[in-house]
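Visitor: Below are the structure tokens for one structure; questions will follow.
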Amino acid sequence: MSTTSVGRGRTRDAHAGRRGGARLPLVKVAQPGRRASRVPFALVILLLLAAALLTLLLLNTMLAQDAFVLYRLQQQSATLADSEQQLQESVTQAEAPSALASQAAGLGMVPGGDPLFLRVPDGTVLGDPKAARVAVPPAITIRTPTPQPSSSASPSPSMSPSASSSTRGRVGPSPTPSARGASAPARARKSPPATSRATHRANPGTQPAPQSPRPQHVTPTGRPT
Amino acid sequence: VVFSLLVLLLAVLGVRLVQLQGLDGAAYAQRAELQRRQARTLPASRGAIVDRNGNPLALSVETRTVFADPTEIPPRTALPLAQALSPLLNVPQSDLLSQLTRTDTRYAILARGIDPGVAQRTLQVLRANGLTGIGTQIQSRRFYPGGGLAATLLGFPPTVQTTGPATGGAGLELSANRLLAGRDGKVTAEFGAGGREIPAGEHAGQAPVPGSTVQLTLDRDIQWAAQEAIAAQVKAVKAKGGTAIVQDIRTGELLAVATAPTFDPNAPVRPAMAVSGNPAVAETYEPGSVNKVITVAGALQDRRVTPDTPFRVPWELHVGDRTFHDAEVHRVERLTTAGVLAKSSNVGTIQIGERLGKNRLYDFLRAFGFGADTGVGIPGESRGILPPPQQWSGSQEHTIAFGQGIGVTALQMASVYATVANGGIRVAPTLIKATVSADGKATPRAQPAPRRVIDAGVALQVRDMLEAVTSDEGTAPAARIAGYRVAGKTGTAQIPNPRCHCYRGGGYTASFVGFAPADNPQLLVSVVLQRPVNGHFGGHLAAPVFHRIMSFALKSEAIAPTGTTPPTVRLLAP
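Quick note, the sequences are listed as chains A and B, same order. With this note's numbering applied, the first sequence has no gaps in its numbers, which climb one by one up to 285 at the end. With this note's numbering applied, the second sequence has no gaps in its numbers, which climb one by one up to 1165 at the end.
Here's what the structure looks like:
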């Protein structure tokens, strides 16, 4: 700051000298001192410049690299989305009513008869049990996994409280021979053919048997109820 | 000398540099940019159609179209390429070869609707073998998980043309297309080799707006059950077609609109019925006896009769030059108004209609929704045929009283019974529950204002009479469901024969419309069978289907029996 103001003063004086003639320069400045202060300044500027360039280079490199990563991840995401879609497609296809019905028919289930309700508080049966009974085609053998009473990894109906699994058996025709051996489902089946109001959504028109592929009721939190 | 040579060289280079950078620079930069910059369309995903519980009935899945650029394929690699692609794309080798060797195009489609995973594997195989000239394009395919479930209702989406508006389409896919389609986005950006976007390059565009999801009032399971039941009966009685409608009486929401025959929308070829509209709303027929409920309700409302008013009912009645008779020969009976309805006597209904008068009959037909759109929003809906009373011929006044001589749709007829069941208040049927935009915001459909058609007391009287229909003395004991109180009405209508302009040889429409529980009506089921060959009475053909569908729906909706005893309705006058 001081150097520039001094410089300017000098120029003004020079002009004044030329115009006025006999006026002497008023200030003398030490030249070596000024020179010495410029070099580090330039160095600092150069360093800054170099650093900026390097940073820019680094940034650009990183950006480019990230772009590659982004692209790769996008590809991966697209692939995953594709397989998700494929899986979802097969799930929606498998859970369509017609698919469920044919699956159930393959397991020997039959559509239920007339509606029948069991009022839980007092045990009243609403509806006509005779009309609710449906003929089961004879000579169907179904192999069912024997439910384990222990807390093994295989989801066993006896594990869950009766409110969820056992009431899933709808209006019961006579229990299938193999299901008779199972403890919890057999109990549900042997009781008068009745069902509580909460169970109707399970399968369209079919009676979920103990050999249902997903015998464990899972709450939205993922814990077995 | 060396120095001057160097100077000369530098001068030449300098001039060239000035030429490249200064003079032609702009042109080169532009060419480079053109190479990098590409405008791409970002296709909007089509919204799904879901049932009332959010289960998908129609959804869009991504597929790939595999194409070739024949100019990039050297002739000698065409054959190995075709050999490699054939098993992957499941296309005959000869077809592929003819496409790969085309000379008139740079875009030869090899296969459509390829699974994305398969397409990717294909490209990997080709890349590994150093084969070029094959590309893939993202396309969308509509997928109906339920197969034929509600297919005649859903229809199919219109085909998007490269230029001009979309063409074709049918059903809800067409009528709700504006909501479902969304808006395509576009992006203009700089892309490097391999299609990667260059960072910090120019990037401008518009994100696509995905289509909304349309939520219907249908229940997937009830729809399926109704479809199965009606299809089985159509087959059993060799009918030309049939419809079954399940409606929630309180809200007017349609839980099922099933028609038979139906088709598989996932099949590549669509039959003609795919575009002909849903028969439940597009097909008009003469309702027959089910229409008697309007005549009786009107006469009760206008206090022309009471439920116990006696009528002398012979089996035949001469009015003017015409003779009307009941479906079955019987001795002269003395029936009450309730008896006329329960036993479905044409002769008795004509007498009730005479007391009501044709102008008032017309008013009630209109009030119950005949001759007008139901507003349900299914495309191709018919208003039916209901001429004003001034145009009625002498006999039409009498025939309309028992349901011949007018044309209605199955949905219109179902709505009449829903009105009676709902205490005389008409709630227009609805099919679209809500639309859910891609960001999850649900917009419920505006519900039509309910309208009172008949007094609650009159509706109650009619309801009791309809319950007598399912008694042992009525025409449809087969409709009864053990433990429940069921009300309804049979219809056995004649279909006009266009060749003789008479009813002879035209066939029959057998129908049953009913609701349950009769003393607390919640669900309505309407069954219509067109031109059955094995039998023709509504009580024999349609009532069992009603029984099956209603049983299922009651279980599905968890509606328990009311446990009350039906009132005794006097059918025979003293």
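Positions of the beta carbon are idealized from the N, C-alpha and C atoms, including for glycine.
Output the boundary residues of the alpha helix (DSSP H) element that contains residue 939(B).
Guide: Here the alpha helix (DSSP H) through residue 939(B) covers 937-947.
Visitor: Ordered along the chain, which non-local residues of its own chain (more than five positions away) have a Cβ less than 8 Å from that of residue 1111(B)?
Guide: For residue 1111(B), where only same-chain residues beyond five positions count, the Cβ hits under 8 Å are 1153.
Visitor: State the DSSP-derived secondary structure class of residue 1030(B), mapped to helix, strand or coil.
Guide: In the structure shown, residue 1030(B) sits in coil (DSSP, three-state: anything other than H, G, I, E or B).
Visitor: Give a yes or no on whether the minimum CB-CB distance between residue 1142(B) and chain A is below 7 Å.
Guide: With 7 Å as the cut-off, residue 1142(B) counts as an interface residue toward chain A.
Visitor: Closest to residue 721(B) by CA distance: which of 990(B), 675(B) and 986(B) is it?
Guide: When only C-alpha atoms are compared, the closest one is 675(B).
Visitor: Is there at least one Cβ from chain A nearer than 7 Å to residue 1072(B)'s Cβ?
Guide: It does; some Cβ of chain A falls within 7 Å.
Visitor: Spell out whether any CB of chain B is found under 7 Å from the CB atom of residue 174(A).
Guide: Residue 174(A) counts as touching chain B.
Visitor: May I have the straight-line CA-CA distance separating residue 112(A) from residue 624(B), to the nearest angstrom?
Guide: About 27 Å.
Visitor: Run through chain A and tell me which residues come within less than 9 Å of residue 652(B), C-beta to C-beta.
Guide: Going along chain A in sequence order, the residues near residue 652(B) (Cβ under 9 Å) are 145, 146, 148 and 149.
Visitor: Spatial neighbours of residue 606(B) within its chain, please: CB distance less than 8 Å, with the 5 preceding and 5 following residues excluded, ordered by chain position.
Guide: If we look at residue 606(B) and ignore the five residues flanking it on each side, it has no Cβ neighbours.
Visitor: Note down the Cα distance separating residue 1026(B) from residue 922(B), rounded to an integer number of angstroms.
Guide: Distance between the alpha carbons of residue 1026(B) and residue 922(B) is about 58 Å.
Visitor: Find the residues of chain A that neighbour residue 951(B), judging by a C-beta separation of less than 8 Å, and give them in chain order.
Guide: What residue 951(B) touches in chain A: nothing, since even the nearest Cβ is about 40 Å away.
Visitor: Mind checking whether residue 710(B) and residue 723(B) have CB atoms under 7 Å apart?
Guide: No. Outside cutoff.
Visitor: Under 7 Å between C-beta atoms, does residue 142(A) make it to chain B?
Guide: Yes, residue 142(A) lies at the interface with chain B (some Cβ there is under 7 Å from its Cβ).
Visitor: May I have the straight-line CA-CA distance separating residue 132(A) from residue 634(B), to the nearest angstrom?
Guide: Each residue's alpha carbon lies about 21 Å from the other.
Visitor: Can you give me the C-alpha to C-alpha distance between residue 762(B) and residue 192(A), rounded to a whole angstrom?
Guide: Taking the straight line from one Cα to the other gives about 38 Å.
Visitor: DSSP beta-bridge partners for residue 777(B)?
Guide: According to DSSP, residue 777(B) bridges with 632(B) and 797(B).
Visitor: With a cut-off of 7 Å, does the C-beta of residue 188(A) fall near any C-beta of chain B?
Guide: Yes, because at least one Cβ of chain B sits closer than 7 Å to the Cβ of residue 188(A).
Visitor: Compare the C-beta of residue 1146(B) with all C-beta atoms of chain A and state if any pair is closer than 7 Å.
Guide: It does; some Cβ of chain A falls within 7 Å.
Visitor: Taking only runs of the alpha helix (DSSP H) that begin and end inside the stretch 1041-1070 of chain B, which ones reach a length of at least 4 residues, in chain order?
Guide: DSSP runs (the alpha helix (DSSP H)) wholly in the stretch 1041-1070 of chain B: 1047-1060.
Visitor: Run through the stretch 957-1017 of chain B for me and flag every whole alpha helix (DSSP H) of 4 or more residues, listed as ranges in chain order.
Guide: List check, alpha helix (DSSP H) in window: 987-992 and 1001-1012.
Visitor: Compare the C-alpha of residue 945(B) against each of 886(B), 964(B), 982(B) and 1000(B) and name the closest.
Guide: Among 886(B), 964(B), 982(B) and 1000(B), the Cα nearest to that of residue 945(B) belongs to 886(B).
Visitor: Under 8 Å, with one C-beta from each stretch per pair, do the stretch 1014-1021 of chain B and the stretch 988-1000 of chain B reach the 3-pair mark?
Guide: No contact exists between the stretch 1014-1021 of chain B and the stretch 988-1000 of chain B.
Visitor: Return the first residue and the last residue of the beta strand (DSSP E) that residue 805(B) is part of.
Guide: Looking at the DSSP string, the run of the beta strand (DSSP E) that includes residue 805(B) is 804-807.
Visitor: Taking the alpha carbon of residue 1164(B) as the reference point, which residue from 1157(B), 889(B) and 904(B) has its own alpha carbon closest?
Guide: Closest option to residue 1164(B), Cα to Cα, is 904(B).
Visitor: Determine, using beta carbons only, whether residue 181(A) comes closer than 7 Å to chain B.
Guide: No, residue 181(A) lies away from the interface with chain B (no Cβ there is under 7 Å from its Cβ).
Visitor: Tell me which residues of the stretch 708-720 of chain B have at least one Cβ-Cβ distance to chain A shorter than 8 Å, keeping chain order.
Guide: Answer in chain order: 708 and 711.
Visitor: Could you list the residues in the stretch 731-765 of chain B with a C-beta less than 7 Å from some C-beta on chain A, going in chain order?
Guide: Within the stretch 731-765 of chain B, the residues whose Cβ lies closer than 7 Å to some Cβ of chain A are 734, 736, 737, 738 and 740, listed in chain order.
Visitor: Check this for me: beta carbons of residue 176(A) and residue 187(A), under 7 Å apart or not?
Guide: Yes; because the gap between Cβ atoms is below 7 Å, this pair is in contact.
Visitor: Which residue comes first and which comes last in the alpha helix (DSSP H) that contains residue 687(B)?
Guide: Unbroken alpha helix (DSSP H) run through residue 687(B): 684-691.
Visitor: Taking one C-beta from the stretch 952-959 of chain B and one from the stretch 969-984 of chain B each time, how about it: are there three or more such pairs within less than 8 Å?
Guide: With the cut-off at 8 Å, the stretch 952-959 of chain B and the stretch 969-984 of chain B touch.
Visitor: Short of 8 Å in beta carbon distance, which residues of its chain neighbour residue 1024(B), apart from the five on each side in sequence? Order them along the chain.
Guide: The residues are 643, 806, 807, 808, 844, 1035 and 1036.
Visitor: Could you check whether residue 871(B) and residue 1057(B) sit closer than 7 Å to each other, using their CB atoms as the reference points?
Guide: In this structure, residue 871(B) does not lie closer than 7 Å to residue 1057(B) by Cβ.
Visitor: Can a CB atom of chain B be found closer than 7 Å to the CB of residue 137(A)?
Guide: So no, residue 137(A) is outside the interface.
Visitor: Taking only beta-carbon atoms, is residue 812(B) less than 7 Å away from chain A?
Guide: Closer than 7 Å to some Cβ of chain A, the Cβ of residue 812(B) qualifies, so yes.
Visitor: Return the CA-CA distance between residue 848(B) and residue 891(B), expressed in angstroms with no decimal places.
Guide: Distance between the alpha carbons of residue 848(B) and residue 891(B): 31 Å.
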